[in-house]
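Q: One structure, as structure tokens, below. Some questions next.
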Amino acid sequence: MLPLENNGTAVSLVASHTVVDGLALGQVLADAAEDRTHELGYPLPGSRTKRQAVLEDGRQTLASVPELLKALTTMARLARHGRRDLASSIAAAPPPPRAAHDNEVVIVPTLSAFVDLAEWDGCAKRLGGTSNSLFSGFAARLGARMGRLLADGTVTLAFPVGERIQGDTRGNALTFANITVDPTNAAVDLGELRVKLKQALTGLAEAPNEMLATLPLAAMTPRWVARRLVGAGLGTSALPIGCSNLGVLDPAANRPDGTDADYAYGRLIEPGIPKATLDRIGGQLFVASGRVAGKIFITVVAYRPGQMNSSDQLREFVSQTFAEFNLTAEIDC
């Protein structure tokens, strides 16, 4: 809770993505506002003796052995068939010369922007797209402006795709899809993006992402390996643009204290990330969106190796991109 100068209040909630995804976090906020609870099957605190806990948890661990073996088999197969792709995710960009400040912690610039829903949807219709393809087009044009172009002039958009259904209490219920598009005309015609998004989603339905089968190994992965694979979740492109579209949020998620908030948004943060890591992976660009309270929010987190990285510079990039789409946005750094 943070009091504001105009007598208002800001509510901030931070959650680890290893525990919950964006849609689940929105669901949790709505549940809290509506006083809804879920029976997750966990024992109450202090309801088990230490011996009971060890025995029960041990049995659960043994029961998960087949799943772990399957995950190991999948990982081995993916490593054999995709050595080149794996290498590109480990070394997404040439390492810069080592310097004394390489291990300094970077505060990555971020901002949030808000566009009236009627104006946003009107723009999507005018360009022959949908809200999702307009969001993708915005991310593509922003990525191009910030230098995340591949050698052939295309950009790679990496999407988490939610698989959450009614009553689903999994922390992370999602898969991933990647598309490569030419961003040149994204601000005037969303046709290509709309087709490629549809093809990617259809492809996921027909052939699920095999990488998800390796998730049971996450808790056993050494930290140094996890750091080297930091780009794998966003695909094997050297310069992926992370795009997370939460869609329409439950109106109750906008009432954490029981009253409707004037503004609400979600964004990705990675506190404590070293400059050397950001340089090694070629920087980062994450764009997120959601529809709530009559607006669509767009949040951007961006870092460019060897370039000026400031909130003012990011604001300029984002403002120019909105202008390309003839959209009026309220931007807050």
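Here the numbering used here is used: the first residue of the sequence shown is 1065, the next is one more, and so on. Think of the CB as a built atom: it goes at the ideal place given N, C-alpha and C, for glycine as much as any other residue. Here the structure is a predicted model, which means the values were calculated and not measured.
(1) Once you ignore the five residues that flank Leu1385 on each side, which residues in its own chain have a CB closer than 7 Å to its CB?
(2) Could you compute how far the alpha carbon of Asn1390 sits from the alpha carbon of Val1179?
(3) Just to confirm, are Ile1362 and Ala1352 a CB contact at a threshold of 9 Å?
(4) Helix, strand or coil for Thr1278 per DSSP?
(5) Could you tell me the distance, in whole angstroms, from the CA atom of Ala1269 to the CA atom of Trp1184?
(6) According to DSSP, is Val1382 helix, strand or coil?
(7) Give the single residue among Asp1121, Ile1171 and Ser1308 whose Cα lies nearest to the Cα of Ala1241.
(8) Taking the alpha carbon of Gln1377 as the point to measure from, which residue in Asn1236, Val1259, Thr1174 and Leu1281 has its own alpha carbon closest?
(9) Sorted by chain position, which residues of the same chain lie with C-beta nearer than 6 Å to Ser1195's C-beta, five sequence neighbours on each side aside?
(10) Among the candidates Asp1326, Val1170 and Leu1349, whose CA atom is the shortest distance from the CA of Ile1337?
(11) Going by the beta-carbon positions, is the gap between Ser1176 and Tyr1327 smaller than 9 Å?
(12) Within the stretch 1318-1373, note down every full alpha helix (DSSP H) run reaching 4 residues or more, in order along the chain.
(13) Have a look at Gly1354 and Thr1138 and give me their C-alpha separation to the nearest angstrom.
(14) Extract the residue ranges of the alpha helix (DSSP H) inside the stretch 1102-1148, only unbroken runs of 4 or more that lie entirely within it.
(15) Whose C-alpha, out of Glu1168, Arg1379, Ile1305 and Pro1107, is nearest the C-alpha of Leu1213?
(16) So for Thr1300, helix, strand or coil by DSSP?
(17) Where does Asp1216 land, buried or exposed, given buried means 16+ other C-beta within 10 angstroms?
(18) Kindly indicate which residue of Ile1395, Gln1348, Glu1388 and Pro1320 has the alpha-carbon position closest to the one of Ala1096.
(19) Would DSSP call Glu1227 helix, strand or coil?
(20) Going by C-alpha to C-alpha distance, which of Asp1085, Val1084, Thr1341 and Leu1093 sits closest to Val1075?
(21) Leaving out five residues before and five after Leu1261 in sequence, what residues of the same chain have Cβ atoms less than 7 Å from its Cβ?
(22) Going by the DSSP bridge assignment, what does Phe1178 pair with across the sheet?
(23) So is Gly1347 buried or exposed if we call it buried at 16+ other beta carbons inside 10 Å?
(24) For Ala1251, does the three-state DSSP call read helix, strand or coil?
(25) Per DSSP, Leu1066 is paired with what?
(26) Considering Cα atoms alone, identify which of Gln1230, Leu1119, Gly1186 and Thr1233 is closest to Ile1360.
(27) Where does Asn1309 fall in DSSP's three states?
(28) Excluding five sequence neighbours on each side, which residues of the same chain lie with their C-beta closer than 6 Å to the C-beta of Gln1124?
A: This is what the structure holds:
(1) The sequence given here places Thr at residue 1385; Leu does not occur at that position. If we look at Thr1385 and ignore the five residues flanking it on each side, its Cβ neighbours are Phe1202, Arg1205, Leu1206 and Arg1209.
(2) 11 Å
(3) yes
(4) helix
(5) 29 Å
(6) helix
(7) Ser1308
(8) Thr1174
(9) Ala1188
(10) Val1170
(11) yes
(12) 1339-1344
(13) 34 Å
(14) 1114-1127 and 1129-1145
(15) Ile1305
(16) The pLDDT assigned to Thr1300 is 48, lower than 50, so where the model puts this residue is not dependable; a value taken from the coordinates is nonetheless given after this. Of the three classes helix, strand and coil, the one that applies to Thr1300 here is coil, per DSSP.
(17) exposed
(18) Pro1320
(19) coil
(20) Leu1093
(21) Asn1196, Ser1197, Ser1200 and Ile1243
(22) Phe1361 and Glu1394
(23) buried
(24) coil
(25) Ala1074
(26) Gly1186
(27) strand
(28) none
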